[in-house]
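Asker: First residue of the sequence shown: 17, per our numbering; consecutive thereafter.
Ideal Cβ placement from N, Cα and C applies to all residues, glycine included.
Here it is, the structure in full.
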Amino acid sequence: MMKTVENIIFDFGGVILNLDEQATFSQLQLLMGKSASDIPKIMELSRFYDFECGKITEHEFIENLLALSNNPFSKQDFISAWNAMLLDFPQKHVNLLLSLKTHFRTFLLSNTNVIHIEAFEKNMKQQGITFSMSDLFEEVWYSSSIGMRKPNPETYRAVTQKVNIIPERTLFLDDKQENLNGAAQIGLQTMLVTPTNSICSIFKSFL
Numbered sequence: 017m018m019k020t021v022e023n024i025i026f027d028f029g030g031v032i033l034n035l036d037e038q039a040t041f042s043q044l045q046l047l048m049g050k051s052a053s054d055i056p057k058i059m060e061l062s063r064f065y066d067f068e069c070g071k072i073t074e075h076e077f078i079e080n081l082l083a084l085s086n087n088p089f090s091k092q093d094f095i096s097a098w099n100a101m102l103l104d105f106p107q108k109h110v111n112l113l114l115s116l117k118t119h120f121r122t123f124l125l126s127n128t129n130v131i132h133i134e135a136f137e138k139n140m141k142q143q144g145i146t147f148s149m150s151d152l153f154e155e156v157w158y159s160s161s162i163g164m165r166k167p168n169p170e171t172y173r174a175v176t177q178k179v180n181i182i183p184e185r186t187l188f189l190d191d192k193q194e195n196l197n198g199a200a201q202i203g204l205q206t207m208l209v210t211p212t213n214s215i216c217s218i219f220k221s222f223l
């Protein structure tokens with residue numbers, strides 16, 4: 017049974033922003049001349065997690081991938097494949113977040129990188145979304161900015177302490193169970209977001 021909730025921390029991709037991660041995996045296979053089973057190892061060897069934590073630059077990450085590729089590719093071709101997973105930011109999610117912000121302290125915590133941040137901010141403008149992320153959330157934490165990522169429990173500890181919120185009175189929503197497990201270790205209430213348990217379903221009374 018859920019306890020009192022005063023604060024909500026949202027994941028971004030797969031929760032607020034619609035994603036198709038398979039689109040990027042498929043395009044990377046074609047671009048690099050690799051099989052699906054190769055991609056996880058390539059991400060490890062290319063230091064993807066370091067890139068996502070801002071510890072290596074975009075240029076370094078792409079150079080690492082080029083060194084692992086069976087085919088040469090341009091930076092622009094890579095960025096196009098890398099961003100293929102990013103879909104739309106539904107207007108109903110914008111409306112919901114604006115409503116929730118009047119009832120709770122709301123925050124965003126996302127494992128993401130500088131290429132995706134630039135792309136989804138551009139996509140939001142192209143969709144005609146006039147609100148910035150700071151309009152929708154009290155604080156926005158991207159792994160590439162804070163140097164930490166989910167599901168490390170210390171990531172959740174650091175952000176909750178930064179804004180002085182009590183984990184036991186805070187709900188964390190994510191579409192990956194491993195991220196919820198890390199959050200639960202510091203006492204956060206958690207909820208898995210799925211296609212049948214979307215944020216609009218969870219918070220339908222605030223729509």
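Is it true that the segment 117-129 meets the segment 157-167, where meeting means three or more beta-carbon pairs spaced less than 8 Å apart?
Answerer: Output reads yes: the segment 157-167 touches the segment 117-129.
Asker: If you draw a straight line from the C-alpha of phenylalanine 219 to the C-alpha of proline 211, how long is it?
Answerer: Sequence index remark: in the sequence shown, residue 219 carries index 203 (1-based). Sequence index remark: in the sequence shown, residue 211 carries index 195 (1-based). So the alpha carbons of these two residues sit roughly 14 Å apart.
Asker: Can you confirm whether the segment 24-42 touches the segment 87-105 when touching is taken to mean that 3 or more C-beta pairs between the two stretches lie within less than 8 Å?
Answerer: Yes: at least three Cβ pairs fall under 8 Å.
Asker: Serine 90 to cysteine 69, Cα distance in whole Å?
Answerer: Against the sequence shown, residue 90 aligns to sequence position 74. Against the sequence shown, residue 69 aligns to sequence position 53. So the alpha carbons of these two residues sit roughly 24 Å apart.
Asker: Output the boundary residues of the alpha helix (DSSP H) element that contains phenylalanine 26.
Answerer: As a working mapping, residue 26 is identified with position 10 in the sequence shown. Careful: phenylalanine 26 lies outside any alpha helix (DSSP H), inside the beta strand (DSSP E) at 23-26.
Asker: What runs of the beta strand (DSSP E), each 3 residues or longer, lie entirely inside the segment 130-167?
Answerer: Here the runs fully enclosed are 155-158.
Asker: Based on Cα-Cα distance, which residue from Leu81, Ser217 and Ala200 lies nearest to tyrosine 172?
Answerer: Residue mapping note: residue 172 aligns to position 156 of the sequence shown, counting from 1. With distances taken between Cα atoms, tyrosine 172 lies closest to Ala200.
Asker: Whole angstroms is fine: what's the gap from methionine 17's alpha carbon to phenylalanine 188's?
Answerer: Here residue 17 corresponds to residue number 1 of the sequence shown, with the count starting at 1. Here residue 188 corresponds to residue number 172 of the sequence shown, with the count starting at 1. The pLDDT assigned to methionine 17 is 48, lower than 50, so where the model puts this residue is not dependable; a value taken from the coordinates is nonetheless given after this. Distance between the alpha carbons of methionine 17 and phenylalanine 188: 15 Å.
Asker: Inspect the beta-carbon positions of proline 169 and isoleucine 145 and report whether they are closer than 7 Å.
Answerer: Along the sequence shown, read from residue 1 onward, the residue named residue 169 stands at position 153. Along the sequence shown, read from residue 1 onward, the residue named residue 145 stands at position 129. No, these two residues do not count as a Cβ contact at 7 Å.
Asker: Please report how far the alpha carbon of histidine 119 lies from the alpha carbon of phenylalanine 153, in whole angstroms.
Answerer: As a first step, residue 119 is located in the sequence shown; it is residue number 103 there, counting from the start. As a first step, residue 153 is located in the sequence shown; it is residue number 137 there, counting from the start. So the two alpha carbons sit approximately 12 Å from each other.
Asker: If I measure Cβ to Cβ from isoleucine 72 and keep anything under 6 Å in the same chain, skipping five residues before and after, which residues do I get?
Answerer: Taking the first residue of the sequence shown as position 1, residue 72 is located at position 56. Contacts found: Arg63 and Asp66.
Asker: Threonine 122 lies in the beta strand (DSSP E); which residues open and close that run?
Answerer: Translated into positions along the sequence shown, residue 122 becomes position 106. It spans 121-126 - the beta strand (DSSP E) in which threonine 122 sits, taken as one unbroken run.
Asker: Please state if the CB of glutamate 76 and the CB of arginine 185 are separated by a distance shorter than 7 Å.
Answerer: Taking the first residue of the sequence shown as 1, we reach residue 185 at position 169. Taking the first residue of the sequence shown as 1, we reach residue 76 at position 60. No; because the gap between Cβ atoms is not below 7 Å, this pair is not in contact.
Asker: Candidates Cys216, Leu204, Asp191 and Leu223: which alpha carbon is nearest phenylalanine 28's?
Answerer: The residue you call residue 28 lines up with position 12 of the sequence shown. With distances taken between Cα atoms, phenylalanine 28 lies closest to Asp191.
Asker: Taking buried to mean at least 16 other C-beta atoms within 10 Å of its own C-beta, is asparagine 180 buried or exposed?
Answerer: As a position in the sequence shown, residue 180 is number 164, starting the count at 1. So asparagine 180 ends up on the exposed side.
Asker: What's the call for leucine 81, buried or exposed, on a 16-neighbour Cβ count within 10 Å?
Answerer: The count along the sequence shown starts at 1 and reaches residue 81 at position 65. Classification for leucine 81: buried.
Asker: Quick one: using the 10 Å Cβ neighbour count with 16 as the cut-off for buried, is isoleucine 25 buried or exposed?
Answerer: Counted from its first residue, the sequence shown places residue 25 at position 9. Flag for isoleucine 25 reads buried.
Asker: Can you give the Cα-Cα distance for glycine 30 and glutamine 45, rounded to whole angstroms?
Answerer: Counted from its first residue, the sequence shown places residue 30 at position 14. Counted from its first residue, the sequence shown places residue 45 at position 29. Each residue's alpha carbon lies about 22 Å from the other.
Asker: Quick one: is alanine 52 buried, meaning 16 or more other Cβ sit within 10 Å of its Cβ, or exposed?
Answerer: Taking the sequence shown and counting its residues from 1, the one referred to as residue 52 is at position 36. It counts as exposed.
Asker: Give me the Cα-Cα distance between leucine 114 and aspartate 151, rounded to the nearest whole angstrom.
Answerer: As a first step, residue 114 is located in the sequence shown; it is residue number 98 there, counting from the start. As a first step, residue 151 is located in the sequence shown; it is residue number 135 there, counting from the start. Each residue's Cα considered, the two are about 8 Å apart.
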